[in-house]
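2 is the number of the first residue of the sequence shown in this note's numbering; add one for each residue after it.
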Amino acid sequence: MAVKPRLFIAQELRKDLEFFLTDTQAHYLCHVLRLATGSFFLAFDGRNGEFECELSACGKKQATAKVLRQTRNFEKAPDIHLLFAPVKKDKTDFIVEKSTELGVSKIVPVITRRTISEKIKKERYTAQAVEAAEQCRRLDVPKVADARNLEAVLKEWDENRMLYYMDETGNGRPVAEVFAEDAGKHLPAAVLVGPEGGFDEQELELLRRQKYAKGVSLGKRILRAETAVAAALSCWQAICGDWK
Ligand code: SAH
Numbered sequence: 002m003a004v005k006p007r008l009f010i011a012q013e014l015r016k017d018l019e020f021f022l023t024d025t026q027a028h029y030l031c032h033v034l035r036l037a038t039g040s041f042f043l044a045f046d047g048r049n050g051e052f053e054c055e056l057s058a059c060g061k062k063q064a065t066a067k068v069l070r071q072t073r074n075f076e077k078a079p080d081i082h083l084l085f086a087p088v089k090k091d092k093t094d095f096i097v098e099k100s101t102e103l104g105v106s107k108i109v110p111v112i113t114r115r116t117i118s119e120k121i122k123k124e125r126y127t128a129q130a131v132e133a134a135e136q137c138r139r140l141d142v143p144k145v146a147d148a149r150n151l152e153a154v155l156k157e158w159d160e161n162r163m164l165y166y167m168d169e170t171g172n173g174r175p176v177a178e179v180f181a182e183d184a185g186k187h188l189p190a191a192v193l194v195g196p197e198g199g200f201d202e203q204e205l206e207l208l209r210r211q212k213y214a215k216g217v218s219l220g221k222r223i224l225r226a227e228t229a230v231a232a233a234l235s236c237w238q239a240i241c242g243d244w245k
């Protein structure tokens, strides 16, 4: 097999450890991929790096594996959070997947006045973040926070963290300019993208009043929320993050 399967294991891994796979992981390796016992796969635990493992048993109910050797050391990812107003289901799925690939460390669903969304399903987002992290070879999985109102999020904000809110009204400064000005400071950061209906005037006013917040423009064209997420995070990674 050209590419080894890669799984997130929610327990600390170390050489020689034997561990149980979850039902879903066992089903995936043993039945979907039809790996035989003795096959190899990669695993990461979000703390200690990546390891090559051997599938030791594929039982009817349970599967076990053993850690053979470490393949990558753990590296801390850039400290960038994504705050987004949930949109329709498939678009929210896209946002969770793409922001994980683009290296966010935390995903925070934020309810704004114009947020229209189906139920916010934290478990679903978490499962998608795990899947995207496995696929893109990250060494950790972004945390998914509980959904909260914008006002509540701002009230509890850690003022050391820069908040870049994507302002579609044309009042924000160009994204590259704003990020370049902060790039050397290596501050923890967050990107906030509004709902399809945009932020309302009171929300923008509230954001403008925060010392740690900067309004940013992604150009003249109005982007869909999911496009704005990908664009803003790509710019941040290129200018302030680990694409440099
Ligand atoms: N309904 C609004 C557009 C909202 S787009 C309107 O027609 O004006 C959804 C979100 O994407 C916005 O709240 C904003 O955060 C972000 N966004 C889209 N285009 C943008 C741009 N050109 N600059 C900055 N942010 C943008």
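Where is the CB? At the ideal position from N, CA and C, for every residue including glycine.
Excluding the 5 residues preceding and the 5 following residue 177 in the sequence, name in chain order all residues of the same chain whose CB lies nearer than 7 Å to its CB. Taking the first residue of the sequence shown as 1, we reach residue 177 at position 176. Closer than 7 Å at Cβ, skipping near neighbours: 236, 240.
What are the boundary residues of the alpha helix (DSSP H) that includes residue 223? Taking the sequence shown and counting its residues from 1, the one referred to as residue 223 is at position 222. From DSSP, residue 223 is part of no alpha helix (DSSP H); its letter is neither H nor E.
Residue 125 versus residue 142: straight-line alpha-carbon distance, rounded: Working through the sequence shown from its first residue, we reach residue 125 at position 124. Working through the sequence shown from its first residue, we reach residue 142 at position 141. Rounded to the nearest angstrom, the two C-alpha atoms are 14 Å apart.
Applying the criterion that 16 or more other CB atoms from any shown protein chain within 10 Å of the CB defines a buried residue, is residue 217 buried or exposed? Mapped onto the sequence shown, residue 217 falls at position 216. Buried, since its Cβ has 16 or more Cβ neighbours within 10 Å.
Could you check the C-alpha separation between residue 170 and residue 219 for me, to the nearest Å? Looking up residue 170 in the sequence shown gives position 169. Looking up residue 219 in the sequence shown gives position 218. One C-alpha to the other measures close to 10 Å.
Taking 8 Å as the threshold, find out whether the segment 56 to 68 comes into contact with the segment 18 to 34 through three or more Cβ pairs. yes
Cβ-heavy atom distance between residue 222 and the ligand SAH below 7 Å? Translated into positions along the sequence shown, residue 222 becomes position 221. Correct: residue 222 has its Cβ closer than 7 Å to the ligand SAH.
Can you list, in chain order, the stretches of the beta strand (DSSP E) that have 3 or more residues and sit fully within the segment 90 to 120? 107 to 112
Count the C-beta pairs between the segment 199 to 216 and the segment 155 to 164 that are closer than 8 Å, then say yes if the count reaches three, no if not. yes
Residue 41: which of 70, 50, 25 sits nearest, CA to CA? Sequence index remark: in the sequence shown, residue 41 carries index 40 (1-based). Minimum Cα distance to residue 41 is reached at 70.
Where does residue 213 fall in DSSP's three states? Translated into the one-based positions of the sequence shown, residue 213 becomes position 212. Looking at residue 213 - three-state DSSP - the assignment turns out to be coil, as it is neither helix nor strand.
Among 80, 174, 199, 116, nearest to residue 187 - alpha-carbon criterion: The residue labelled residue 187 in the question sits at position 186 within the sequence shown. Closest option to residue 187, Cα to Cα, is 80.
Pairing CB atoms from the segment 94 to 101 with CB atoms from the segment 121 to 140, are three or more of them under 8 Å? yes
Can you name, in chain order, every residue of its own chain whose Cβ lies under 6 Å from the Cβ of residue 227, other than the five neighbours on each side? On the sequence shown, residue 227 is found 226 positions in, with the first residue counted as 1. Cβ within range, chain order: 92, 95, 96.
Residue 175 classed as buried or exposed, judged by whether at least 16 other C-beta atoms fall within 10 angstroms: Position 174 of the sequence shown, counted from the first residue, corresponds to residue 175. Exposed is the call here.
Pick helix, strand or coil for residue 128, following the three-state DSSP scheme. Along the sequence shown, one-based indexing puts residue 128 at 127. Residue 128 falls in the helix class under three-state DSSP.
Label residue 37 either buried or exposed according to how many other C-beta atoms from any shown protein chain fall within 10 Å of its C-beta, with 16 as the threshold for buried. Taking the first residue of the sequence shown as 1, we reach residue 37 at position 36. Result: exposed.
Measuring alpha carbon to alpha carbon, tell me which of 211, 162, 110 ends up nearest residue 90. The residue you call residue 90 lines up with position 89 of the sequence shown. Of 211, 162, 110, the residue nearest in Cα terms is 110.
Residues that residue 332 bridges to, as DSSP identifies them: Coverage of the chain is limited to positions 2 through 245, which leaves residue 332 absent and any answer about it impossible.
Can you tell me the Cα-Cα spacing of residue 30 and residue 6, whole angstroms? The sequence position of residue 30 within the sequence shown is 29, counting from 1. The sequence position of residue 6 within the sequence shown is 5, counting from 1. Their backbone Cα atoms lie some 8 Å apart in a straight line.
Given residue 44 as reference, the closest of 60, 58, 74, 144 once Cα atoms are compared: Numbered from 1 along the sequence shown, position 43 holds the residue referred to as residue 44. That would be 74, whose Cα lies nearest to the Cα of residue 44.
So residue 161 and residue 189 are in contact, right, with Cβ under 8 Å, and what is the actual spacing, rounded? Position 160 of the sequence shown, counted from the first residue, corresponds to residue 161. Position 188 of the sequence shown, counted from the first residue, corresponds to residue 189. Contact flag correct, Cβ pair sits at about 6 Å.
For residue 174, the residue or residues it bridges with in DSSP: Residue mapping note: residue 174 aligns to position 173 of the sequence shown, counting from 1. Per DSSP, 217.
Going by the C-beta, is residue 194 closer than 7 Å to any heavy atom of the ligand SAH? As a first step, residue 194 must be located in the sequence shown, where it is residue number 193. True, at least one ligand heavy atom lies under 7 Å from that Cβ.
Using a Cβ-Cβ cut-off of 8 Å (strictly less than) and excluding sequence neighbours within five positions of residue 13, which residues of its own chain qualify? For the purposes of this step, residue 13 is taken as the residue at position 12 of the sequence shown. Correct list, in chain order: 46, 48, 49.
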